[in-house]
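This report refers to the structure that appears directly beneath it.
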Amino acid sequence: MQTTNFQPQPVTRQQLLDKLNTQQQDAVSLGWGPALVVAGAGSGKTTVLTRRVAWLLSELRQPPYSVMAVTFTNKAAAQMKSRVESLLGEGVAKRLTIGTFHSICARILRREISAYESAEGFKWKSNFVIYDETDTLNVVKGVVSKLNLDEKVFAPKEMRHSISALKNDGLNAHQYSQEARNYRDQRLSEIFTNYQSELARNNALDFDDLIALFNDLMEQNEEVRRRVHDQYRHLLVDEFQDTNKAQYRFIRLLSFDENPQDEGMRRQRWENRSLMVVGDVDQSIYSWRKADFRIILGFQNDFKEAAVVKLEENYRSTATILQVANSIIINNSERLEKTLRCNRGEGGKVRCYGASDEIDEAFFVVDELKRLGARSLRLSDCCILYRTNAQSRAIEEVLVRSGIPYVMVGGTRFYDRAEIKDVIAYMKLVYNPDDGIGFQRVVNNPRRGLGKTTLERVAEYAAQNNLSQIDAASQATAISDVSPKAAKTLIDFANSVRRWQTMSGVMSVAALLELVLRESTYLAALEKDAAESKDEVVLGRIDNVRELVVVAQEFEQSADEPTLESFLTRISLVSDLDSADMNQDSIKLMTLHSAKGLEFPTVFMLGLEEGLFPHIRSLNSPSALEEERRLMYVGVTRAEDRLYLTYSRRRSTYGETSYTIPSRFLSEINGEYLQGFQADPESAFRAESGSKSYASGGSYAPPQERGRPARSGYEEYSEERHGRLGGGKNDVLQQKPKPRVLSRRPGGEGAEEQSSVKPVANFQRLCVGDNVMHAKFGVGKVSQVIGEGDKELYNVEFQTAGKRLLDPRFAKLVKLD
DNA sequence: CTCCCGCAGGTTTTT
DNA sequence: CCTGCGGGAG
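So for the first sequence, this note's numbering puts the first residue at 348; every next one is plus one.
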């Protein structure tokens, strides 16, 4: 819209408010203090955020370095940067802090981490490395075996997941150790503490630590707090509905030191400071990462002086698409009513296609693309969305065969490939020689004749003497039971790493990478393999490694700071998602989660089948199911003009074929907006039954009300439809009970994943219709229960004070009878 | 110590 | 289906 590129002058007030509606203008032109912007899908929140940043700089005269904007993906950050750039010029945009929680915290920790010390005395150095999923899993495995715990009972993956959940809930190892009550939790606590100790010894952090340690550091160190506080005076947070407790703590820590009770002090505190959070409860889709939409619901309670702006005008989609979105989301009970006003014409009906299998489904998409292409639709205006990454295979195959260019966003990441991880591990080790996981990964890769036992001895020796593994390797002759030959290899290796480390001070990243590839003989070994086996896979690996060199070269050209440090941080935190070129003339493929925040004229949503979308893992939890529905809502509202929904009657998973039935979400759509799908009137999946459990497996299910047979609606329907067709083994139903068994813990009654982790909140549980008494609001009636378990919230209609959303853990509600 | 084979187990979504 | 791992042979 604006063509003020590189214009040195600040934009005018009028330009910043140009073409905005009243609410948008209100949001952009707010003064100091906290603000909540409730922004429905397609309501122009990115525009509001970027103009708000510009407003802070040009109207409120704030220096660029004082502004921090947090987004959920690096891509969103890049997008915001470039939009601010086009408003204010490149020079200004560069001095803003725009990024994800993780990348911003990483940047600050690089500077400040040496001031940190955990309650247990764990410390880190500024050249820490960031461990990914595999690295951390290896650490947990090591800890579990060191503690002599049974891997069956304390499955490393589960432990790793629990630790992550704890960190995201804002608990560190020390705090959790005070809380762990039963046997299992105490062992978990032990694992947690040892895990942190191992990370510290390796001078490594995991993803969650980036935020958690930053928070702890801010709390424990006044100097750091002051420095951060003095610099960042304006915080903007996008996708606020998806923040978790740790991230919220970050936001609060940045916004104020403590919470003064006095009104005047509070006003003073916000002088020259601001906080703007932007979100939409209906688009909360990351609860599995411990995002908690109660945070956005409770924001006004935490920040009583917060201004609230609602953006309810949708500029993106046709009326029909919005109706479809609405007819789906109204089936959720965990939400606050909201109306999105449409700003566009009616548009065509949403089209549904029932395919016979996933190949047929893919061909339908391709045929439609061709048809639309004939009407001069650009490929880059189209997007294919699916629930799981695995679904991309079929569609990719057909696209390739049809010669249609596509870009897959996300999926198997380039940086996840074994050879890339090897090479990165070398570089990380050069940057941070304490990195023991990296050491173990590369010390015998390529083969240097070091065996399992030798490497175990090294790790043991290092642990016993509190050394890094590379230092242990240097002293290999002192380790008992290591052969002289192996010792020499170890010493040579350690010396090489040290030499590369010295070189890293005087070489560019790409040059260093090439040096390491050469001297480690990693590349030579790959080439030898390839020459011997003529294996295409190995050839591909060589290409990938070469590609990484190109990535490093490009990085040197484009980065502000082309250091090894920023290269490694970037690689650890950036996914393919962020680098995908969205402008290329090719169709985009991505998961629904990756599509958040994007929009496309034409959208295809694939795999609308029970068990896939909604996903099978969500079928036995009402609130998980509602998250699936929000995901559906997000998908539908990505579309501007044209939307296709497809399902397939047959689908192969694991190489086995199963028969499926159309997603309940299709049945929820008002038929007048949908073409090509007839909701079965006998279907068990209409809105009413939506919250019932369909996963009560096998024939053990208790008899249901209304004279249903002793089988769930899911089975009943499926069998009626496919029982005779697919028959026995391959039927979805047969596989159903399996995941339930797996999720059950020995001795644990909790079917819910993290039930043993969380402290259980104590409060009076209420149901819809209960009459209650509140000290301030008087007598009222519960009109809605939001959330479940210890996360319950109550919407209470008071006789005098109107409707209020209350958190029973804070609000004193007395039940009347 | 390395290589190779067979088997089990796991796939939701991502920073 | 595809990966990672353990066990056994060379």
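Don't be surprised by glycine CBs; every beta carbon is placed ideally from N, CA and C.
Quick caveat, the model's predicted, so the values are computed rather than measured.
Does the beta-carbon distance from residue i to residue j come in below 8 angstroms?
i, j, result
"residue 521", "residue 464", "no"
"residue 653", "residue 646", "yes"
"residue 745", "residue 951", "no"
"residue 856", "residue 899", "yes"
"residue 920", "residue 562", "no"
"residue 679", "residue 639", "no"
"residue 990", "residue 668", "yes"
"residue 716", "residue 370", "no"
"residue 996", "residue 984", "no"
"residue 514", "residue 482", "no"
Apart from the five residues just before and just after residue i, which ones in its own chain have a Cβ nearer than 8 angstroms to its Cβ?
i, result
"residue 458", "473"
"residue 382", "374, 621, 622, 623, 624, 653, 654, 655, 656"
"residue 424", "416, 418, 445, 446, 447, 450"
"residue 714", "none"
"residue 843", "866, 867"
"residue 666", "689, 691, 692, 693, 694"
"residue 409", "403, 580, 581, 619"
"residue 1054", "Low per-residue confidence applies at residue 1054: pLDDT is 28, beneath 50, and the placement is therefore not dependable enough to give any value."
"residue 797", "790, 791, 833, 836, 837"
"residue 740", "none"
Going along the chain, which residues of its own chain have a beta-carbon closer than 6 angstroms to the beta-carbon of residue i, five neighbours each way excluded?
i, result
"residue 1056", "In this predicted model, residue 1056 has a pLDDT of only 30, less than 50, meaning its place in the structure is not dependable enough to derive any value."
"residue 392", "386, 625"
"residue 719", "none"
"residue 864", "870"
"residue 772", "785, 788, 789"
"residue 439", "411"
"residue 1038", "Any answer about residue 1038 is weak, because its pLDDT of 32 lies below 50 and its placement is not dependable; what the coordinates show is given next. Correct list, in chain order: 969."
"residue 1021", "697, 699"
Between which two residues does the alpha helix (DSSP H) containing residue i stretch?
i, result
"residue 784", "783-789"
"residue 538", "530-548"
"residue 854", "Note, residue 854: premise wrong, no alpha helix (DSSP H); not H, not E."
"residue 913", "911-920"
"residue 446", "Residue 446 -> not in any alpha helix (DSSP H); beta strand (DSSP E) instead, spanning 444-447."
"residue 719", "705-721"
"residue 770", "765-778"
"residue 576", "569-578"
"residue 1171", "Because the chain spans 348 through 1164 in this model, residue 1171 falls outside it and cannot be assessed."
"residue 597", "592-602"
Using a Cβ-Cβ cut-off of 7 angstroms (strictly less than) and excluding sequence neighbours within five positions of residue i, which residues of its own chain qualify?
i, result
"residue 913", "906"
"residue 793", "868, 869, 872"
"residue 1161", "1119, 1120"
"residue 360", "406"
"residue 650", "381"
"residue 915", "476, 774, 775, 778"
In the DSSP assignment, the beta strand (DSSP E) including residue i goes from what residue to what residue?
i, result
"residue 998", "997-1000"
"residue 414", "414-418"
"residue 621", "621-626"
"residue 955", "Note, residue 955: premise wrong, no beta strand (DSSP E); not H, not E."
"residue 493", "That residue, residue 493, is in no beta strand (DSSP E); its alpha helix (DSSP H) goes 480-493."
"residue 1114", "Run containing residue 1114: none; DSSP gives neither H nor E here."
Identify every residue that forms a DSSP beta bridge with residue i.
i, result
"residue 1161", "1120"
"residue 893", "Residue 893 is not bridged to any residue."
"residue 730", "935, 950"
"residue 1009", "956"
"residue 993", "700"
"residue 657", "385"
"residue 1003", "1000"
"residue 754", "935"
"residue 552", "477"
"residue 1022", "698"
"residue 1165", "For the chain, the structure presents residues 348 to 1164; residue 1165 sits outside this window and is missing."
"residue 583", "416, 623"
Between residue i and residue j, how many whole angstroms is the CB-CB distance? I'm expecting something under 8 angstroms.
i, j, result
"residue 974", "residue 674", "Not really, about 18 angstroms apart at Cβ, beyond 8 angstroms."
"residue 510", "residue 751", "Not a contact, Cβ separation roughly 43 angstroms."
"residue 476", "residue 550", "7 angstroms"
"residue 576", "residue 413", "Not confirmed; about 11 angstroms, so no contact."
"residue 643", "residue 587", "5 angstroms"
"residue 953", "residue 708", "6 angstroms"
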